[in-house]
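S.K.: First residue of the sequence shown: 4, per the numbering used here; consecutive thereafter.
Next up is a structure, given as structure tokens.
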Amino acid sequence: MNLATMMACATCRIALTEHNSGDSIVYRHPVSDDGHEVAPVNADLIKRVFHSCHTCTDAPPMWNYHTGHIEILSLSSGIAADYSDQWHVCLRCAQLIEADDSDALTARCAGLMRWHPDSDEYTILRTLQRGIVLSREGRTLLTTTNWPPARISADMMPKIRDRFSGLLRGPANLPAAINDRDQRQNLARQFDLIPMYWINQEFTNLVNTVSADRPPAWVTDEIAPSTSGLLAWPDPVGQTGQLAAVSWTPEGDGWQVIGYRSIGSGIDEDLMPTLRHEIGWLVPIHAEHIARGTPLGGSHPLGPLITTWLLINQQMAEAVPAKLPKGTTRAYQRSRRPAPEVKIVQIRARDTTPLPERAEQTGPRTRAKPDHRFWVSGHPRQQAYGPGRSLRREIEIQPFLKGDEHLPIKLSTTVRILGGRPGEAGDMSPE
Ligand SMILES: [Zn+2]
Ligand SMILES: [Zn+2]
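In structure tokens form, the structure reads like this:
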């Protein structure tokens with residue numbers, strides 16, 4: 004399930020709030036004013052979407068506050084203004100709401116608007132914001148704000164992991180798909196011991212180059228480097244350029260897989276410690292149960308994870324333990340936790356045998372070697388087993404990046420294997 008999609012009104016370009024109405028989601032304007040009908044579309048299709056804090060309009064929103072439905076009746080005009088029960092709020096305004104300081108919130112927001120404390124606007128704003136502070140029922144982490152990403156290094160991984168498990172254990176709501184309290188506690192416990200992988204820059208570049216073209220691979224225990232894991236790339240990957248990290252944990256007949264974006268900046272410097280303390284680095288943008296054996300192609304939102312697994316599995320990459328700063332390991336000792344283990348995944352040292360020699364080894368009767376690297380599609384194969392190898396069972400041969408490591412990678416080229424499964428996404432004939 005995609006958690007990153009923001010909806011906006013095609014008429015007024017304002018980002019919309021989501022309201023659950025039975026089984027369906029209804030989108031509304033944050034504050035109803037001129038009464039035009041809402042026209043919800045994917046915000047990516049609109050230029051210059053207005054996606055700012057509903058209280059100060061000065062910064063991108065971090066939290067969605069749920070309140071009672073707020074209506075204000077103006078005694079002088081006799082007109083009732085209908086507001087909302089959901090408010091997208093920036094980190095700075097949220098600090099004031101959490102401190103129950105609605106006067107400071109109003110002073111901040113009216114100050115930005117240059118409204119005089121004696122004005123009618125100020126009075127209405129103060130009433131509205133008192134309503135928000137007093138009637139608030141909880142807050143949910145907004146996952147639709149597109150933050151500038153963080154650059155992630157291997158030694159940051161334990162902290163990044165611990166902040167997300169802190170968020171899972173904390174009182175703030177997450178999007179409904181991953182908000183079940185028991186599941187959150189269970190996931191947090193798994194995160195405490197989860198193996199961590201950091202993909203180095205060279206390997207990340209390779210994943211970015213080959214992932215979109217990758218034919219479907221079957222998600223199995225064989226290609227997963229461990230039963231659970233948290234894996235991050237230095238910079239975000241994937242077709243939307245947002246996927247900073249992915250976690251996978253066993254769940255029923257497969258895994259719960261969560262994709263995350265990272266928050267690197269976009270927030271005033273003085274609020275960064277608050278951000279890292281309350282939220283950390285990761286914001287979930289994709290959550291999906293993936294059953295064992297599910298075919299998953301390179302263009303899927305989680306495609307770069309499976310590409311990374313495949314390349315590790317075909318021994319193109321190796322994992323070496325990261326040396327963590329002494330401060331990190333000591334902090335774990337003090338809290339009586341086992342030392343965190345982060346593995347750096349990098350491309351294996353290259354075969355340095357000179358080329359002519361290698362060419363000779365292949366013998367005269369082999370076919371001409373290709374001058375580029377390409378994906379070979381995965382396919383099922385009948386494998387002999389049992390007494391006298393008389394029995395057959397179907398096994399899956401996973402897609403394979405073929406060709407010598409020094410060769411260039413040719414894009415949009417997948418060689419079809421006879422007997423493969425036709426018509427699957429990503430199974431393209433050579434150009
Ligand atoms: Zn509108
Ligand atoms: Zn604000």
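The beta-carbon is built from N, C-alpha and C at its ideal position, and this holds for glycine as well.
Leaving out five residues before and five after V41 in sequence, what residues of the same chain have Cβ atoms less than 7 angstroms from its Cβ?
M.R.: For V41, where only same-chain residues beyond five positions count, the Cβ hits under 7 angstroms are C12, L19, Y30, R31 and H32.
S.K.: Would you decide whether H57 is buried or exposed? Buried here means 16 or more other CB atoms lie within 10 Å of its CB.
M.R.: buried
S.K.: Return yes when the C-beta of A113 is under 8 angstroms from any heavy atom of ligand 2, and no when it is not.
M.R.: no
S.K.: Is it true that the CB of T223 sits closer than 9 angstroms to the CB of E399?
M.R.: yes
S.K.: At a cut-off of 8 angstroms, would you count V92 as near ligand 2, judging by its Cβ distance to the nearest heavy atom?
M.R.: yes
S.K.: Does DSSP put L108 in a helix, a strand or coil?
M.R.: helix
S.K.: Looking at the unbroken alpha helix (DSSP H) that takes in Q186, where does it start and where does it end?
M.R.: R184 to D195
S.K.: Taking only heavy atoms of ligand 1 into account, decide whether any of them is closer than 8 angstroms to the Cβ of A46.
M.R.: The answer is no for A46.
S.K.: Do H22 and ligand 1 come close, with the Cβ less than 8 angstroms from some heavy atom?
M.R.: no
S.K.: Going by alpha carbons, who is nearest to L327 out of E124, H303 and M199?
M.R.: M199
S.K.: Among residues of its own chain, excluding the 5 on either side of T331, which ones have a beta-carbon nearer than 8 angstroms to its beta-carbon?
M.R.: Here the set comprises D158, P161, K162 and P343.
S.K.: Select from W118, F403 and L394 the residue whose C-alpha is nearest the C-alpha of H382.
M.R.: F403
S.K.: Looking at C-alpha atoms only, which residue of D88, I17 and S55 is the closest neighbour of H39?
M.R.: I17
S.K.: So, at 7 angstroms on beta carbons, what are the nonlocal neighbours of S119 in its own chain, with the 5 sequence-adjacent residues on each side left out?
M.R.: Ser is not the amino acid found at residue 119; the sequence shown has His there. Around H119: Y125.
S.K.: With burial defined as no fewer than 16 other Cβ atoms inside 10 Å of the residue's Cβ, what is the status of R217: buried or exposed?
M.R.: buried
S.K.: For A175 and T146, which I take to be in contact (beta-carbon distance under 8 angstroms), what is that distance rounded to the nearest angstrom?
M.R.: With a beta-carbon spacing of about 12 angstroms, A175 and T146 fall beyond the 8 angstroms limit used to define contacts.
S.K.: For I270 and G232, which I take to be in contact (beta-carbon distance under 8 angstroms), what is that distance rounded to the nearest angstrom?
M.R.: Actually they do not touch by this definition, with Cβ atoms about 29 angstroms apart.
S.K.: Give the range of the beta strand (DSSP E) segment to which Q349 is assigned.
M.R.: It spans V345 to I350 - the beta strand (DSSP E) in which Q349 sits, taken as one unbroken run.
S.K.: Contact between the segment 255-267 and the segment 286-294: three or more CB pairs below 8 angstroms?
M.R.: yes
S.K.: Span of the beta strand (DSSP E) holding Y30?
M.R.: S27 to R31
S.K.: In the DSSP assignment, what are the bridge partners of H289?
M.R.: N5 and G262
S.K.: Have a look at the DSSP bridge pairing and note the partners of S24.
M.R.: S27
S.K.: In chain order, what residues have a CB nearer than 6 angstroms to some heavy atom of ligand 1?
M.R.: C12, T14, C15, I17, H32, H39 and V41
S.K.: Out of A320, A179 and G389, point me to the one whose CA is closest to N203's CA.
M.R.: A320
S.K.: How is the alpha helix (DSSP H) around D165 delimited, first residue to last?
M.R.: Looking at the DSSP string, the run of the alpha helix (DSSP H) that includes D165 is M160 to R172.
S.K.: Label G240 either buried or exposed according to how many other C-beta atoms from any shown protein chain fall within 10 Å of its C-beta, with 16 as the threshold for buried.
M.R.: In the sequence as displayed, the identity of residue 240 is Val instead of Gly. The Cβ neighbour count for V240, taken over all protein chains shown within 10 Å, is at least 16; the residue is labelled buried.
S.K.: Name, in chain order, the residues that DSSP records as bridge partners for G267.
M.R.: Residue pairing by DSSP leaves G267 without any beta bridge partner.
S.K.: Grab the span of the beta strand (DSSP E) containing Q386 for me, first residue to last.
M.R.: Residues H382 to Y388.
S.K.: CB H91 to CB S55, shorter than 9 angstroms?
M.R.: yes
S.K.: If you follow the beta strand (DSSP E) that D123 is part of, which residue opens it and which one closes it?
M.R.: From DSSP, D123 is part of no beta strand (DSSP E) but of the alpha helix (DSSP H) over D123 to S138.
S.K.: Could you spell out the range, first to last residue, of the beta strand (DSSP E) harbouring E40?
M.R.: Counting along the chain, E40 falls outside any beta strand (DSSP E), and DSSP gives it neither H nor E.
S.K.: Within the segment 199-284, note down every full beta strand (DSSP E) run reaching 3 residues or more, in order along the chain.
M.R.: 199-202, 232-240, 246-254 and 257-265
S.K.: Any chance the CB of T58 is under 8 angstroms from a heavy atom of ligand 2?
M.R.: yes
S.K.: Could you work out which residue in Y388, E205, H22 and I100 is closest to H72 when comparing CA atoms only?
M.R.: Just measuring C-alpha positions, the residue of Y388, E205, H22 and I100 sitting nearest H72 is H22.
S.K.: How long is the line joining the alpha carbons of T365 and L314, rounded to whole angstroms?
M.R.: Confidence in T365 is poor, its pLDDT being 48 and thus under 50, which makes the residue's placement unreliable; the coordinate value appears in the next sentence. So the two alpha carbons sit approximately 24 angstroms from each other.
S.K.: Once DSSP output is grouped into helix, strand and coil, what is the label at Q317?
M.R.: coil
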